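Here's the structure, in structure tokens; my notes come after.
Here it is in structure tokens:
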């Protein structure tokens, strides 16, 4: 790729970003779009939303006041209103800004002049034809200037580890404080129990639960809630909801059009009453006992009791009475509790195979994209492609902008496919499912977008050599990475400028809302379009950009300014989205950060492996050998962080549990908190019905 192609990509992306952000600033002012751009405040019935009541000149002019507003939002505000998980996303962008600002100073002040002024490198192409003059490719073999690159690599690696440690320790403290300050958390008093033995005497699972925990936890056991197979009830509830909606529509239509539909209303109300009667019949005690599952939520009188029970082996047979801390009530995936525990490994294998196949099939569009990037080779293989050169400037657009745009389009689909696959694994909570999807998306992107992109020029050749001579892999990787720096500049531009701009515009929702308002849903939608923050999409994509930046930080420092723009724009966009658009649907207490830490450590290690190979290619074996201790230091640093911080993210410490219990006892809240815990885990099939045509809104049996 030449400088003209890079300039074409930058111009198109900057122009698109400015146009899209201008559209967003105009659309956001209008009350008709408030259900999209102010979904979160509207759902909480907040006042003082800055809307223009009518079309005026100021409402049609773009305004970027939301950008300085984003910088004024404090971390405490985000933590208070959206939770620690949302704050982790913002801290990820802050980490990128801090890290790449420092790297830019090193890269642009030290490395860029060293690369450009080298007289020992290969003959330069004119600046308009190639960007290699600014990369390490311009350094000659065996040059002592490579020691400057080695020194910068050491500084950047140590600074990256320092920032990671600082971020990890701060989020570690915030997690403890967050769990201490958050009140009314029934999951802290509740344990999920699976693989409960069946009681042959009473023909149920429930009596076994009560007997077992009354015997082994006599002073701290509170109560239990069995889980039932509620598919039939859920189907009936869906049908009843649909009929209830039809009744509301008929009544609204008769009010607006002054028409009467007495017969239709009578039929629908009769059907609704019959469905409600069927639902209450299924909810009776004798029917429920037949639908019991070997799963229960068990509540304790204290957090200490729940922590002890959840982190202990309950039975000599480890596959019986399996316990874990319960997820939040709003986080539970009830349908997955019906999956037998012994079948879960089979689900994991199926998902692994499916994600592997998806990774293999995705190689086709990535290879096609790289074919467009190597347009000169493409013209040799496919002579009709030469027609592109007949139009002035078109070849620069084709090679500079088109590949990254196509790749970004394909990547957009990946997170949704992966979260659908993760759902098949049978996780009992939405948060665990999305964390799994987050992992799957990251490694998918690393395999396809990074490795496949850098190796696709001579893919089979490179893979064959790597398997035949594994020790040569760093050299193959280094030569490929150095050659692909230009392409990744355009990818960062497209994913950052265009990607974040489209994220804040919410173009998909805007299109859907327009179609709904003007066609089948005219006048019916008065609820905001409320969705959760897509962690499984944001975190892997941003982590991939960190990986790309780290691998190229010493090789091609010209990439670094693009990354700074990327992280600044992402920061202001997601501050806006967290404040105004996305709702918090679960709170893991910052559980995403250990995975982010792992992704960044992986990026640092990959940067060092690449440099080991690159120093070897440049005939500087002493620099390669000197990099190995740096790599070992990074691995040891990661192991220390795992020992120091990781257990607190996956366990609830007895010390914190006791301290929180003592605080509740001093405030007189201990008994209220523990008694309310089990009521929060009422299965959907037992929840009260709320239909206007029903004569009763309560189930026939108690919830416990």
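In our numbering, the protein residues as written are 4 to 707.
Built from N, CA and C at the ideal position, the CB exists for glycine as well.
This one's a predicted model, so the numbers in the text were calculated from it and none came from an experiment.
In this chain, the beta strand (DSSP E) harbouring residue 326 covers 325 to 328. Between residue 356 and residue 603, the alpha-carbon positions lie close to 26 Å from each other. Closest in alpha carbon position to residue 297, among 517, 229, 411, is 229. By the Cβ neighbour-count rule, residue 251 is exposed, with fewer than 16 other Cβ atoms within 10 Å of its own. The shortest C-alpha to C-alpha distance from residue 42 to any of 669, 509, 600, 14 is the one to 509.
When 513, 544, 430, 238 are compared, the shortest CA-CA separation from residue 350 is found for 430. Contact between residue 88 and residue 598 does not hold, since their C-beta atoms are separated by about 12 Å, which reaches or exceeds 8 Å. Contact between residue 60 and residue 600 is absent: CB atoms are separated by about 50 Å, not below the 8 Å threshold. Collapsing the DSSP output to three states places residue 287 in coil.
A direct Cα-to-Cα measurement between residue 627 and residue 558 gives close to 15 Å. Following the DSSP letters along the chain, one finds residue 665 inside the alpha helix (DSSP H) bounded by residues 657 to 669. Measuring C-alpha to C-alpha distances from residue 610 to each of 590, 593, 117, 637 identifies 637 as the nearest. Secondary structure at residue 76: coil, using DSSP grouped into helix, strand and coil. Note on geometry: alpha-carbon atoms of residue 404 and residue 65 lie some 26 Å from one another. Counting only the Cα atoms, residue 576 lies some 15 Å from residue 496. Within 10 angstroms of the beta-carbon of residue 621 lie 16 or more other beta-carbons, which makes it buried.
Distance check between residue 210 and each of 292, 181, 255 places 292 closest, using alpha-carbon atoms only. Around the CB of residue 10, fewer than 16 other CB atoms lie within 10 Å, so the residue is classed as exposed.
Residue environment: residue 75 is assigned as exposed (fewer than 16 neighbouring CB atoms within 10 Å of its CB, all protein chains considered). By the Cβ criterion, the segment 515 to 524 is not in contact with the segment 583 to 595, since fewer than three pairs of Cβ atoms, one from each stretch, lie closer than 8 Å. Residue 295 is bridged by DSSP to 231.
Pairing residue 13 with residue 488, the inter-Cα distance amounts to about 15 Å. Contact between residue 117 and residue 159 does not hold, since the beta-carbon distance rounds to 15 Å and is not under 8 Å. For the options 414, 561, 616, 330, the alpha carbon positioned closest to that of residue 683 is the one of 330. The C-beta of residue 254 has fewer than 16 other C-beta atoms within 10 Å across all chains shown, which makes the residue exposed. Here the segment 632 to 650 does not lie against the segment 182 to 195, with fewer than 3 beta-carbon pairs under 8 Å apart.
Judged by their CB atoms, residue 121 and residue 142 are nearer to each other than the 8 Å cut-off.
Taking a C-beta distance under 8 Å as the contact criterion, residue 369 and residue 455 qualify as a contact pair. Nearest to residue 596 by C-alpha distance, out of 615, 653, 109, is 653. Taking C-alpha positions only, residue 67 is separated from residue 28 by approximately 7 Å. In the three-state DSSP reduction, residue 84 falls in the helix class (H, G or I). By the C-beta criterion, the segment 200 to 210 is judged not to be in contact with the segment 181 to 189, since fewer than 3 inter-stretch pairs fall below 8 Å. Distance from the CA atom of residue 364 to the CA atom of residue 613, rounded to whole angstroms, is 27 Å. Where residue 519 is concerned, the enclosing alpha helix (DSSP H) starts and stops at 510 to 521. Ranking 295, 246, 285 by CA distance to the CA of residue 271 puts 246 first. Taken through DSSP and simplified to helix, strand or coil, residue 252 comes out as helix.
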